[in-house]
Structure formats: structure tokens, C-alpha cells
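One structure is given below, encoded as C-alpha cells.
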Amino acid sequence: MIGRSPLAALRHRALPALLVVTALAGGGALSGCGGQAEEVRQAGAYADRVNRIQQTFEQDLQRLNKTVPLADKRADVDRAVRRLRDSIDGVERQLQGVKPPSVVADAHAALVEAFARWKAPLDEFRRSLRDREPRATLRAKTRFDTETATVEARVNDARRRINEGLRSLAD
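Numbered by this note's numbering, the letters in the sequence shown go through residues -15 to 155 in order.
This is how it looks when you write it as C-alpha cells:
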């Protein structure tokens, strides 16, 4: 048994999903505005796609968090960390494949960057599990926990900026 410390590193709060701005759903008011109506429709499709990506990620985290308490060996924790890394890679890849409306392009890039940030400390944590050095594992876990808080803050900021940009289309 390796103790609770490494296991707790995987117990994340689910990152908040992007909100589909209700004003975008009411595109009927813009129906006579041709290009703007199309831009609003594309923005709604963008928000739906990003929401689906993030909802899938949150479901992956929930499933992973159910298995973490059962992990009692370093190999079990390593598998869980690898699954988290794979999930983060998937989110990053999918978000990179989404073409955001120009009004939120910078915020979307920040969202992708936030997920990419997670990988280095997660990889360090995984290496420390294999090295079997308890102090190194604790240091790596602490760095990962700190980075998780930073990622959450950056995702929240990107989400806020994306929602503000999408709302501006409905104004």
C-alpha cells in the first residue's frame, strides 16, 4: 500500500462546463440579419461542441474517481494517472479540432493551453510513482495539485471570456 497521498491527487472537482448562452438560442430575432444570424448559429454550434467535449471529460473524471479509492498499489495508481493523462490528451486534441468563432479565438486557445499545462506535472507524478521514492512522489503530487488549481482557474477564466464573447454576438 502506498498511502492516501498519491491517490488524493486524482480526486479533482469536475471543471465547469461552458454555458450555452440562452440569447444565442433565440436567433430568431436576428433572422433578418443574414450574416449575423449565421455567426450566431455557428457560435451556438461551437458552444455545443465544446460543452460535449467537456461533459465527456467530466464523465471520465467521475469514472476515474470511483476507481481511485480501490487503488492500493503503485501500479494501480500509475494506471489511474495514465488514464487521466490519456483523457487530458483527448480533451486537448478535440479542443484543437474545434474552430472557434473569431470573437472567442483567443479565449479558446487559452482553454486548450490550460489543459496542455496539466501534462508535465502529471507526467512527473507518474515518474515518481515508478521511482518508488516517497518524498519525490509527495513533491510531485503537491506540484500536480497546485497545477490542478491553476488549470481550474485558467479554464474558468477562458470559460468566462468565451461566454462574454458569445454573448456579445447576441447584443
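For every residue, glycine included, the Cβ atom is placed at its ideal position computed from N, Cα and C.
- DSSP, reduced to helix, strand and coil, places Arg144 within a helical segment of the structure shown.
- When the beta-carbon positions are compared, Pro105 and Ala120 stay at least 9 Å from each other.
- In this model, Lys50 and Gln80 are separated by some 28 Å (Cα to Cα).
- Boundaries of the alpha helix (DSSP H) harbouring Val65: Arg58 to Gln80, taken from the DSSP string.
- Arg69 places its beta carbon 9 Å or farther from that of Arg114.
- The beta-carbon distance between Val135 and Arg101, rounded to whole angstroms, is 6 Å. This is short enough to meet the 8 Å contact definition.
- Each residue's CA atom was taken as its position, placing Pro84 and Val139 some 16 Å apart.
- Rounded to the nearest angstrom, the gap between the Cα atoms of Phe41 and Glu76 is 10 Å.
- In the three-state DSSP reduction, Lys125 falls in the helix class (H, G or I).
- If you draw a straight line from the Cα of Arg151 to the Cα of Glu117, it is about 50 Å long.
- Straight-line measurement puts the Cα of Ala21 at about 39 Å from the Cα of Lys103.
- Straight-line measurement puts the Cα of Gly28 at about 38 Å from the Cα of Arg110.
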